[in-house]
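144 is the number that this note's numbering gives the last residue of the sequence shown; the numbers go up by one with no jumps. Idealized CB from N, CA, C, for every residue including glycine.
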Amino acid sequence: MIKYQARVYKDGRRYSVEFPEFPGCFSDGATKEKALANAKEALGLRLEEARDPKWRLPEANRHQGKEYYWITPTEDVAIPLMIRDARLKHGYTQRELAKLLKMSIQQLQKLETPGKSNPTVRTLAMISRALQEEILIVLAA
């Protein structure tokens, strides 16, 4: 799953949040819990901006300190970016992977677009086989 560390620190009466890998991506909250919830939303919104099909996810660095927390975006943002990242890792263009999957390029583009993708388990399995990548699905409440 995609995850990045956010720095959460007390800033006056509020808690501020910033993401070292995404300059300009920040949030805050009245409590630490609210700041962390807002951080998830802020990260998701920042990643949704990644409309360029060649854009690579920055590497998630591990930062030292008790003020750092791992944040994961929502699944509707993370899964399309994981599909895109796997495609780029294997050196396929969208056209090449779409052909390999026997789907239109428009279908693949939608699968890689945060906020618009909703792949079925069957589609994820097809992508997994085509890219020879393991997909791990964890159901959590």
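About 7 Å separates the Cβ atoms of residue 9 and residue 71, confirming a contact at the 8 Å cut-off. Taken atom to atom, the span from the alpha-carbon of residue 49 to that of residue 28 is near 7 Å. Within the region 4 to 62, the complete alpha helix (DSSP H) segments at least 4 residues long are 35 to 51, listed from N- to C-terminus. Of the candidates 105, 134 and 32, 32 places its Cα closest to the Cα of residue 18.
Measuring C-alpha to C-alpha distances from residue 88 to each of 42, 121, 58 and 15 identifies 58 as the nearest. Per DSSP, the continuous beta strand (DSSP E) segment holding residue 74 begins and ends at 71 to 74.
Under the DSSP assignment, residue 126 falls in the alpha helix (DSSP H) whose first and last residues are 124 to 134.
Going by beta carbons, residue 7 and residue 74 fall inside the 8 Å limit.
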